[in-house]
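Protein chains: 2
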Amino acid sequence: MSEVPELSAHTGYLLRMVSNAVSHRFARSVSVESVTVAEWAMLRSLYGDEAVSPSILARKMGMTKGAISKLADRLTEKGLIERAANLDDQRGHSLSLSAAGKKKVPVIAEFAEDNDATFFAVLGGEEQERLRHLLHVLIDKHGLSGVPID
Amino acid sequence: MSEVPELSAHTGYLLRMVSNAVSHRFARSVSVESVTVAEWAMLRSLYGDEAVSPSILARKMGMTKGAISKLADRLTEKGLIERAANLDDQRGHSLSLSAAGKKKVPVIAEFAEDNDATFFAVLGGEEQERLRHLLHVLIDKHGLSGVPID
DNA sequence: TATTGTTATACTCTATAACTATA
DNA sequence: TATAGTTATAGAGTATAACAATA
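These protein sequences, in sequence, are chains A and B. All you need for this note's numbering is the position in the first sequence, starting with 1, plus 10. All you need for this note's numbering is the position in the second sequence, starting with 1, plus 10.
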């Protein structure tokens with residue numbers, strides 16, 4: 011009968027509610043390390059790899075070049091990453107973690123772990139696995155991994 | 011062994027990826043109606059109820075008074091909602107949909123339906139139900155419904 | 001004084017587009 | 001010309017805090 015369903019009738023809406031809640035909590039918890047969620051994603055993306063060009067990072071993180079540039083600025087100011095010239099191509103350069111950045115990643119990873127564990131603890135272990143599975147299916151089938159238009 | 015888990019090891023991260031994808035698609039689809047996702051949430055929240063005060067709406071939508079005020083400004087400019095004085099309390103007033111707003115809600119609801127149906131179609135019907143169930147559990151157990159600190 | 005709502009300010013996130021320096 | 005990055009601009013989303021009017 012109801013022509014107009016409730017907002018909560020949409021799975022996308024529920025998803026947004028939950029996602030916002032988790033992200034907010036995480037944002038709060040990492041704010042004591044003076045880092046934002048997007049910054050953390052970049053730091054983590056640079057961990058392990060020796061040096062990555064902004065354009066590759068942009069593809070990897072699903073952001074535009076401009077957005078990456080700005081993020082990189084902030085992290086450089088904070089002394090967590092470094093820009094280095096390319097020998098082969100003078101146009102480009104590469105981004106890598108500074109010593110401080112390398113030290114900080116495991117610390118923040120701990121926060122991420124805790125945040126995740128706490129939030130999803132209200133689900134049983136099996137349910138958590140089920141949720142992860144469903145999300146993975148959605149990610150795979152939709153080819154999510156960020157590929158900005160740019 | 012790995013001290014630092016991948017970003018994708020965190021359920022919160024997966025959730026954010028999927029949620030962003032759904033919201034982006036929806037944002038695009040409603041943009042042809044010149045409305046944003048947050049605006050849609052407010053429009054839908056006002057549908058049905060006759061008139062709601064900004065403060066009640068703030069609690070309902072999980073936003074601060076200031077954020078509600080700004081959103082209401084935009085929707086008023088677009089002619090989709092109206093502000094009316096309260097007879098009893100001269101400090102407050104109430105928000106309600108304009109005739110145009112009332113007409114627009116079912117239209118946008120249709121977009122929301124389609125967006126949701128399309129995106130989650132890659133899951134089977136049973137899996138969709140399972141996902142909704144899990145999200146509901148998280149919402150209930152965490153008392154999500156937005157209750158900003160303000 | 002407490003409450004309702006607005007306004008001012010600020011910051012994150014992100015996009016688009018114009019621009020610079022190479023290639 | 002094409003590509004790598006930066007910068008300029010803009011707008012959504014949201015928060016905090018100061019403020020005005022009323023209770």
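Positions of the beta carbon are idealized from the N, C-alpha and C atoms, including for glycine.
Is residue i buried or exposed, if buried means 16 or more other CB atoms sit within 10 Å of its CB?
| i | result |
| --- | --- |
| histidine 20(B) | buried |
| arginine 26(A) | buried |
| glutamate 136(A) | exposed |
| aspartate 150(B) | exposed |
| alanine 119(A) | buried |
| arginine 101(B) | exposed |
| lysine 80(B) | exposed |
| arginine 93(B) | exposed |
| alanine 68(A) | buried |
| lysine 113(B) | exposed |
| valine 117(A) | exposed |
| alanine 95(B) | exposed |
| glutamate 49(A) | buried |
| serine 155(B) | exposed |
On the DSSP letters alone, give me the boundaries of the beta strand (DSSP E) that residue i sits inside.
| i | result |
| --- | --- |
| phenylalanine 34(B) | With the sequence shown as reference, residue 34(B) is identified as histidine, and phenylalanine is not the correct amino acid for it. Where histidine 34(B) is concerned, there is no enclosing beta strand (DSSP E), although the alpha helix (DSSP H) it sits in stretches over 21-41. |
| alanine 95(B) | 91-95 |
| serine 104(B) | 103-107 |
Can you pull the chain B neighbours of residue i, defined as C-beta to C-beta under 7 Å?
| i | result |
| --- | --- |
| leucine 119(A) | What sits at residue 119(A) in the sequence shown is alanine, not leucine. Under the 7 Å cutoff, chain B gives Val14 and Pro15. |
| aspartate 126(A) | His20, Thr21 and Gly22 |
| valine 115(A) | Val14 |
| isoleucine 149(A) | Leu24, Met27 and Val28 |
| alanine 68(A) | Ordered by position in chain B, no residue passes the 7 Å Cβ test against alanine 68(A), which lies about 16 Å from the chain. |
| alanine 31(A) | His152 and Leu154 |
Quick check: the Cα distance between residue i and residue j, rounded to an integer number of angstroms?
| i | j | result |
| --- | --- | --- |
| serine 29(A) | aspartate 59(A) | 28 Å |
| isoleucine 159(A) | aspartate 98(B) | For isoleucine 159(A), the predicted model reports a pLDDT of 46, less than 50, meaning its position is unreliable and no value from the coordinates is stated. |
| leucine 17(B) | leucine 17(A) | 30 Å |
| leucine 133(A) | leucine 141(A) | 9 Å |
| valine 47(A) | alanine 131(A) | 21 Å |
| glutamine 138(B) | alanine 110(A) | 44 Å |
| valine 115(A) | threonine 128(B) | 38 Å |
| glycine 22(A) | alanine 31(B) | 9 Å |
| serine 106(B) | leucine 24(A) | 24 Å |
| aspartate 83(B) | serine 108(A) | 45 Å |
| histidine 146(A) | aspartate 126(B) | 17 Å |
| serine 55(B) | methionine 52(A) | 36 Å |
| alanine 122(B) | leucine 90(B) | 18 Å |
| serine 104(A) | alanine 77(A) | 16 Å |
| leucine 85(B) | glutamate 87(A) | 39 Å |
| tyrosine 57(B) | leucine 148(B) | 26 Å |
| glutamate 43(B) | glutamate 13(A) | 19 Å |
| histidine 143(A) | serine 41(B) | 31 Å |
| histidine 152(A) | threonine 74(A) | 20 Å |
| proline 15(B) | serine 65(B) | 42 Å |
| aspartate 124(A) | phenylalanine 36(A) | 9 Å |
Taking the alpha helix (DSSP H) that residue i falls in, what are its first and last residues?
| i | result |
| --- | --- |
| glutamate 16(B) | That residue, glutamate 16(B), is in no alpha helix (DSSP H); it is neither H nor E in DSSP. |
| leucine 133(A) | Counting along the chain, leucine 133(A) falls outside any alpha helix (DSSP H), and DSSP gives it neither H nor E. |
| glutamate 60(B) | First-last for glutamate 60(B): undefined, no H or E at that position. |
| leucine 81(B) | 75-87 |
Listing by chain order, which chain A residues have their CB less than 7 Å from the CB of residue i?
| i | result |
| --- | --- |
| arginine 38(B) | Per Cβ cutoff of 7 Å: no residues; arginine 38(B) is ~11 Å from chain A at best. |
| glutamate 137(B) | Leu144 |
| leucine 141(B) | Thr21 and Leu144 |
Since residue i meets chain B, which of its residues come closer than 9 Å, beta carbon to beta carbon?
| i | result |
| --- | --- |
| leucine 53(A) | Those do not exist, as leucine 53(A) stays about 10 Å from chain B at its closest Cβ, beyond 9 Å. |
| alanine 122(A) | Pro15, Leu17, Ala19, His20, Gly22 and Tyr23 |
Name, please, each residue of chain A whose Cβ falls closer than 9 Å to the Cβ of residue i.
| i | result |
| --- | --- |
| histidine 34(B) | Here the premise fails: no neighbours, minimum Cβ distance about 10 Å. |
Starting from the beta carbon of residue i, find every residue of chain B whose beta carbon is closer than 8 Å, and list them in chain order.
| i | result |
| --- | --- |
| valine 132(A) | Val147, Leu148, Lys151 and His152 |
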